[in-house]
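See below for the structure under consideration.
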Amino acid sequence: MIESWDRLDSRPQADYGIQRVRCDRVRRPRTGKAHDFLVLEMPEWTNVVADTPERRVVLIRQYRHGNGRVGLEIPGGVVDAGDPSPAATARRELSEETGYRAGEVLLQGRVAPNPAIQNNGCHTFLALDARPGSGQRLDAGEDIEVEEVPLDRIPALILDGSIEHGLVVAAFHFLDLFRRRHPDTLGLP
């Protein structure tokens, strides 16, 4: 049976504002030997699948520095210390990145983005009755284009690689599971 590894020591390595790096010294239960592992300490994140009254999904296009490409994604971002909840973050990010406002916001699930090296999670929300509101309020480092796509086109966009962000693919999987449990909510089979 796999056991948890005991942490013997933990030392900060670097602080980059949005993330910190620490080195944990842990003991492997099977051998008793100690090993060092780097951990990225990051805040919780949210993602929002926003459904419009016309059964379209609000998507965003933005450049991503990690892979050097423009990607098709859903709105989302960091749960700030002042946010009362991940759901509040989801509403805020939807509004800031797209200018849309939503009616009900429903938690779909939480995933660990990369538990091998990160300590955070990403909460996925479904925002119902999303409609244009006051306009985007982008951060200084953001350039985002907004587009609405029919919900039934999402699987093809994932399969053809237009949507490749792993957390976005996971969000649409949560949506599919939700639709199976509540088929009348989005008016789709």
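Residue numbers (our numbering): -8 to 180. Even for Gly, the Cβ is constructed at its ideal location relative to N, Cα and C.
Taking the alpha-carbon positions, what's the residue i to residue j distance?
{"i": "residue 66", "j": "residue 152", "result": "18 Å"}
{"i": "residue 96", "j": "residue 116", "result": "6 Å"}
{"i": "residue 125", "j": "residue 111", "result": "31 Å"}
{"i": "residue 21", "j": "residue 58", "result": "38 Å"}
{"i": "residue 36", "j": "residue 24", "result": "34 Å"}
{"i": "residue 43", "j": "residue 119", "result": "7 Å"}
{"i": "residue 27", "j": "residue 2", "result": "10 Å"}
{"i": "residue 77", "j": "residue 114", "result": "7 Å"}
{"i": "residue 61", "j": "residue -5", "result": "39 Å"}
{"i": "residue 10", "j": "residue 128", "result": "23 Å"}
{"i": "residue 70", "j": "residue 163", "result": "20 Å"}
{"i": "residue 89", "j": "residue -7", "result": "44 Å"}
{"i": "residue 171", "j": "residue 103", "result": "23 Å"}
{"i": "residue 94", "j": "residue 39", "result": "13 Å"}
{"i": "residue 45", "j": "residue 176", "result": "13 Å"}
{"i": "residue 167", "j": "residue 29", "result": "35 Å"}
{"i": "residue 68", "j": "residue 169", "result": "22 Å"}
Please list, in chain order, all residues of the same chain as residue i whose beta carbon is under 6 Å from its beta carbon, the five residues on each side excluded.
{"i": "residue 154", "result": "63 and 148"}
{"i": "residue -3", "result": "18"}
{"i": "residue 101", "result": "112 and 114"}
Give every residue of the same chain whose Cβ lies closer than 7 Å to the Cβ of residue i, excluding the five residues on either side of it in the sequence, and list them in chain order.
{"i": "residue 91", "result": "41, 49, 85, 121, 122, 123 and 124"}
Count the other CB atoms, across all protein chains shown, that sit within 10 Å of the CB of residue i; report buried if there are 16 or more and exposed otherwise.
{"i": "residue 33", "result": "buried"}
{"i": "residue 159", "result": "buried"}
{"i": "residue 145", "result": "buried"}
{"i": "residue 132", "result": "exposed"}
{"i": "residue 142", "result": "buried"}
{"i": "residue 157", "result": "exposed"}
Using a Cβ-Cβ cutoff of less than 8 Å, which residues in the same chain neighbour residue i once the five nearest sequence positions on both sides are dropped?
{"i": "residue 74", "result": "80 and 83"}
{"i": "residue 107", "result": "none"}
{"i": "residue 150", "result": "none"}
{"i": "residue 140", "result": "47, 48, 50 and 148"}
{"i": "residue 5", "result": "11 and 12"}
If I'm right that residue i touches residue j with Cβ under 8 Å, what's the distance once you round it to whole angstroms?
{"i": "residue 134", "j": "residue 7", "result": "Not a contact, Cβ separation roughly 22 Å."}
{"i": "residue 138", "j": "residue 52", "result": "7 Å"}
{"i": "residue 31", "j": "residue 12", "result": "6 Å"}
{"i": "residue 165", "j": "residue 99", "result": "4 Å"}
May I ask whether a heavy atom of the ligand PLP can be found less than 7 Å away from the beta carbon of residue i?
{"i": "residue 7", "result": "Inclusion of the ligand PLP in the displayed structure is not the case, the ligand content being empty and no account of it being possible."}
Self-check item: Entirely enclosed alpha helix (DSSP H) segments - the segment 86 to 163, minimum 4 residues
Solution: The segment 86 to 163 contains these whole alpha helix (DSSP H) runs: 145 to 150.
Quiz prompt | Length-filtered (3 minimum) beta strand (DSSP E) runs lying within the segment 24 to 67 | solution = 25 to 32, 36 to 42, 47 to 55 and 60 to 64
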